[in-house]
Amino acid sequence: MGVEVRKIGAIAWLTLNRPDVRNALDMDSLKAISAFADDLASDPELRVGVIAGAGDYFCAGADLAEFLASLDSSQNVNGQPDFLDVVFSTFEKLRNVPVPIIAAVNGPAIAGGLELILTCDIVIASELATFADGHAKYGIIPGGGSSAILPRLLPVNIARYLLLTGEALPATTMHQLGLVNQIVETEKLESAVLDLAKTVAEKSPLVLAQMKRLVGKAQSISLRDAVIDEFLSLRNHTRSVDLHEGLTAFAEKRQPVFVGR
């Protein structure tokens, strides 16, 4: 299997499992990731997603052999190769999932591998992780969002460096720049991510979904509109069971148990 998914309580853990090709994303892998996103969005029991890589690499990007073959195959009705459409739709779906997703970056993340990380909300990296856009090295324009998202997350000159050179930056640099939230020892990566995922999963899924939406929308609207959007979201949220559970738990000096309503 190119992708393995296991469920640990309220956590859905996806592992890219093509270590012989550096976990490159082929059509089957992309479709499995898309199904993973669908499950996160539709299953109320799932509150956190994790994306990890097997072996020494997180992900080396798209399977270029399959990409090249798709260019020579029949075109779809939009005149674009099906492979590109699946890449775009899969990454777009991940970005819009209302559930937080954590990237567990064990090793190099290149091109589409970096773009896969950019769909996630929190990034935990091992000390061996590196980050490279890489598209320019092979005459490819990014199709998963790196040219649009990197300048929003990093200083623009760093984004340009990654995009124009294709060179990699280490996890320590990305941590200093804010793209990586935490660096852990390689052998402790899985346990650290699992502990964090469990912590996030304890929160109200209503709040988590709204937090994701608010932060995402705030990037493209004015500060005033973003603050108003936040206030209106809170006003609407006051009718929820979860808000009243949280306030009651605080008064009773106990941990809240959120039900997602």
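Under the working numbering, the residues of the sequence shown are numbered 834 to 1094, in order. Quick reminder that beta carbons are idealized off the backbone N, C-alpha and C, glycines included.
- Residue pairing from DSSP places Cys892 in a beta bridge opposite Ala942.
- If you ignore the 5 residues before and after Lys1050, its C-beta comes within less than 8 angstroms of the C-beta of Ala1059 and Asp1062, all in its own chain and listed in chain order.
- For Thr848, the secondary structure class from DSSP, reduced to helix, strand or coil, is strand.
- Burial state of Tyr971 is exposed, judged by a 10 Å Cβ sphere holding fewer than 16 other Cβ atoms.
- Note that the C-beta distance between Ser862 and Leu849 is below 8 angstroms.
- Selection Phe924, Gly894, Gly842 and Asp918 evaluated against Asp871 yields Phe924 as nearest (Cα-Cα).
- Burial state of Ile841 is exposed, judged by a 10 Å Cβ sphere holding fewer than 16 other Cβ atoms.
- Approximately 6 angstroms separates the beta-carbon atoms of Val920 and Gly977; this is inside 8 angstroms, confirming the contact.
- Going by DSSP, Gly882 is part of the beta strand (DSSP E) stretching over Val881 to Gly886.
- Boundaries of the beta strand (DSSP E) around Arg839: Val836 to Ile841.
- Taking C-beta separations shorter than 8 angstroms and ignoring five residues to either side along the sequence, the partners of Leu997 in its chain run Ala969, following chain order.
- About 7 angstroms separates the Cβ atoms of Ala857 and Ala895, confirming a contact at the 8 angstroms cut-off.
- If only uninterrupted beta strand (DSSP E) runs of at least 3 residues are considered, those enclosed by the stretch 983-1021 are 1001-1003 and 1015-1017.
- Around the CB of Val1048, fewer than 16 other CB atoms lie within 10 Å, so the residue is classed as exposed.
- Contact annotation: the stretch 1031-1043 does not touch the stretch 998-1015, with fewer than three C-beta pairs closer than 8 angstroms.
- Looking at the backbone, the Cα of Glu960 and that of Gln1009 are separated by about 13 angstroms.
- Counted as a single uninterrupted DSSP element, the stretch harbouring Phe964 is not any alpha helix (DSSP H) but the beta strand (DSSP E) occupying residues Thr963 to Ala965.
- If you draw a straight line from the Cα of Glu899 to the Cα of Gly1079, it is about 50 angstroms long.
- Of the residues Asp966, Thr1019, Ile844 and His1077, the one whose Cα lies closest to the Cα of Glu1000 is Asp966.
- With a cutoff of 8 angstroms on beta-carbon distance, Glu1020 and Ala937 are scored as not near each other.
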